[in-house]
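Worksheet for the structure shown next.
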């Protein structure tokens, strides 16, 4: 990792291996943006909790199989087998925290969508970067310069524009749904903070294996109590839920975790604001849902905000932080 003092922030952002981390983050955002598309396609047979449950357990199985495959390949190549991973108490607590946070984020957001307007829920959910920055400051003592905070404010304003038309027409008396959406933003804001701490010692595969397994365990009793059907029946529904696990959970969150070894949690969380914009564009292609002018303006404002933060020293980790 290049030292911060050796280059300007904008130059450092595109310096290898930061370039690889940035490319991984962009690819992860594209993968994650397909989540609402695939969830809608799965709605023919499954409820939201059952869909998320299948996403978790399929991902868990895939990650376990990948770990077994890499271990077997190492043995066949004649390389010295790796010793079993030993975790510290702190790492175990952080891994459990990652699983709980991801479970809570998805469950609360799904619940909020059923108890308030989509506009209100989206607006509250897009406040996650604020909680990432505040959490980084309160918990880990992180500092963010004025350029980063200014860019974050611009990007959040752009994200709020996404819900502009619906929000002006939506009812505002659905307090429980709004509070659930805010809580989902709090948990989503905590997620990159926890993963960032784990990435200094653990691989993305290990982190995501724990995350998916814990999510499966926590969601199973909820699915049993609330869903009449847990697993898909038709082949095309299986394709949708498997795609949701492979694209969003494994590829999307896996690359997301990878990028956090070089990019700060605040910057990564801020880039999450691109996800609903990308989802809107994909819905235009797949479902013929034409994006409004507000969506296009929102994309431009978010892009400006992210560009401002990318020139900040607070966006990229120093050599000591990424080691």
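Residue numbers (my numbering): 6 to 328.
Glycine included, every Cβ here is placed at the ideal spot set by N, Cα and C.
From a predicted model like this one, the values you see are computed outputs, not experimental measurements.
In the DSSP annotation of this structure, the continuous segment of the alpha helix (DSSP H) that includes residue 110 starts and ends at 94–118.
In the displayed model, residue 268 falls within a strand according to three-state DSSP. Secondary structure within the stretch 214–286: the alpha helix (DSSP H) runs of 4 or more consecutive residues, fully enclosed, are 240–248, 258–264, 270–276 (chain order). The beta carbons of residue 105 and residue 219 sit closer together than 8 Å.
Counting along the chain, residue 48 sits inside no alpha helix (DSSP H), nor does DSSP assign it H or E at all.
A straight line joining the alpha-carbon of residue 308 with that of residue 278 spans about 9 Å. Residue 151 has its alpha-carbon roughly 44 Å from the corresponding atom of residue 66.
For residue 26, the enclosing alpha helix (DSSP H) begins and ends at 23–38.
Bounds of any alpha helix (DSSP H) do not take in residue 296, whose DSSP letter is neither H nor E.
Counting C-beta pairs closer than 8 Å gives three or more between the stretch 275–290 and the stretch 131–142, which meets the contact rule. Per the coordinates, the alpha-carbon of residue 256 lies some 30 Å from the alpha-carbon of residue 148. Residue 23 places its beta carbon less than 8 Å from that of residue 267. With 16 or more neighbouring CB atoms inside 10 Å of its own CB, residue 242 falls in the buried class. Where residue 137 is concerned, the enclosing alpha helix (DSSP H) starts and stops at 133–144. When DSSP states are grouped into helix, strand and coil, residue 320 belongs to the coil group. By the Cβ neighbour-count rule, residue 100 is buried, with 16 or more other Cβ atoms within 10 Å of its own. When the five nearest sequence neighbours on each side are left out, the beta carbons in the same chain lying within less than 7 Å of the beta carbon of residue 157 are those of 134, 138, 275, 310, 314, in order along the chain. Nearest in C-alpha terms to residue 245, of all of 319, 155, 46, is 46.
Following the DSSP letters along the chain, one finds residue 183 inside the alpha helix (DSSP H) bounded by residues 180–203. With respect to residue 253, residue 107 sits apart: the two C-beta atoms are not nearer than 8 Å. Annotated three-state conformation of residue 206 is coil, per DSSP.
For residue 147, the secondary structure class from DSSP, reduced to helix, strand or coil, is coil. Taking one beta carbon from each stretch, the stretch 181–193 and the stretch 52–72 have fewer than 3 pairs nearer than 8 Å; the two do not touch. Look at residue 73 here: in three-state DSSP terms it is helix.
Nearest Cα to residue 233 within the set 32, 55, 115: 55.
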